[in-house]
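Asker: Numbering (our numbering), first residue to last: 120 to 291.
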Amino acid sequence: SRGEIRYEKFEVAVMSVSKSTEELYGSHARRVMRWHEERGSDVSDPQRWVDALQELTAGLSKKTWRLYRNAVSWHLRETYGGVFAGTFLTATDIVEKPPTKTKRLLRHIEPSVLKTIVTTLVERTDERAHRLADLMIAMVATGLRQKEFAAAELVNRNGWVLVVEIAKFRSP
Numbered sequence: 120s121r122g123e124i125r126y127e128k129f130e131v132a133v134m135s136v137s138k139s140t141e142e143l144y145g146s147h148a149r150r151v152m153r154w155h156e157e158r159g160s161d162v163s164d165p166q167r168w169v170d171a172l173q174e175l176t177a178g179l180s181k182k183t184w185r186l187y188r189n190a191v192s193w194h195l196r197e198t199y200g201g202v203f204a205g206t207f208l209t210a211t212d213i214v215e216k217p218p219t220k221t222k223r224l225l226r227h228i229e230p231s232v233l234k235t236i237v238t239t240l241v242e243r244t245d246e247r248a249h250r251l252a253d254l255m256i257a258m259v260a261t262g263l264r265q266k267e268f269a270a271a272e273l274v275n276r277n278g279w280v281l282v283v284e285i286a287k288f289r290s291p
């Protein structure tokens with residue numbers, strides 16, 4: 120549920136978070152609190168929370184920075200109230216944020232590397248290793264996703280055919 124609460128000149132959105140999000144936010148907030156404890160820093164100053172955020176997230180992605188900012192904001196709202204959290208958020212609006220990082224995914228695998236991996240897996244005696252070898256070959260040959268492979272069936276339709284429900288375009 121989402122509601123709006125007005126505190127003086129700050130408008131703060133109040134959102135209930137799931138238990139897992141609360142645990143994640145708590146973990147990140149504790150890390151920031153340890154930063155304050157180690158430095159004997161003044162936790163009553165929102166700018167010191169911004170300083171902690173900037174130091175702890177230096178070199179991390181923008182997404183991680185936002186996650187920490189949200190965690191600290193949640194902690195501050197719960198501990199010091201909406202005005203304090205709003206002051207912190209306003210201060211984070213003007214600081215330099217990390218650049219957005221793009222992931223470079225490996226789009227191919229060298230045939231010799233695939234052969235070595237598959238051969239090693241097939242030589243093992245456990246069924247999981249054989250299934251993994253099959254999965255790797257199917258993924259490379261067809262672009263099959265791991266999630267799709269789990270439900271795939273090998274069907275004889277005038278020859279063996281791998282039948283797959285495509286996860287990307289799954290019906291609701």
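Don't be surprised by glycine CBs; every beta carbon is placed ideally from N, CA and C.
#1: Can you tell me where the alpha helix (DSSP H) with E272 in it begins and where it stops?
#2: Which residues share a DSSP beta bridge with W168?
#3: With a cut-off of 8 Å, do at least 3 Cβ pairs link the stretch 171-185 to the stretch 207-217?
#4: Buried or exposed, going by whether 16 or more other CB atoms sit within 10 Å of the CB of S192?
#5: With burial defined as no fewer than 16 other Cβ atoms inside 10 Å of the residue's Cβ, what is the status of A270: buried or exposed?
#6: Counting only C-beta atoms, is R185 closer than 9 Å to chain C at any point?
#7: Measuring straight from C-alpha to C-alpha, what distance separates P165 and L186?
#8: Could you tell me if E267 is buried or exposed, where buried requires 16 or more neighbouring beta carbons within 10 angstroms of its beta carbon?
#9: If you draw a straight line from the alpha carbon of A260 to that of R243, how long is it in whole angstroms?
#10: Out of curiosity, what's the CA-to-CA distance linking A190 and L208?
#11: Measuring only the C-alpha atoms, how far is S290 from V282?
#12: Could you give the residue range of the beta strand (DSSP E) that holds V282?
#13: Between R188, Y144, I228, E142, which lies nearest to D212 when the distance is taken from Cα to Cα?
Answerer: Judging by the given coordinates:
#1: E272 -> not in any alpha helix (DSSP H); beta strand (DSSP E) instead, spanning 272-275.
#2: Per DSSP, W168 has no beta-bridge partner at all.
#3: In the pairwise beta carbon analysis, the stretch 171-185 is classified as touching the stretch 207-217: at least three pairs are separated by under 8 Å.
#4: The residue is buried, with at least 16 neighbouring Cβ atoms inside 10 Å.
#5: Exposed: under 16 other Cβ atoms inside 10 Å.
#6: Absence of chain C from the displayed structure is noted, only one protein chain being present.
#7: Looking at the two C-alpha atoms, the distance is approximately 18 Å.
#8: Around the beta carbon of E267, 16 or more other beta carbons lie within 10 angstroms, which makes this residue buried.
#9: Take the alpha-carbon of A260 and the one of R243: they are about 22 Å apart.
#10: As the crow flies, the alpha-carbon of A190 is around 11 Å from that of L208.
#11: Residue placement at S290 is flagged as unreliable, the pLDDT there being 48, under the threshold of 50; the coordinate-derived value follows with that caveat. Each residue's alpha carbon lies about 17 Å from the other.
#12: 279-282 is the span of the beta strand (DSSP E), which, as asked, contains V282.
#13: Out of R188, Y144, I228, E142, R188 has the C-alpha closest to the C-alpha of D212.
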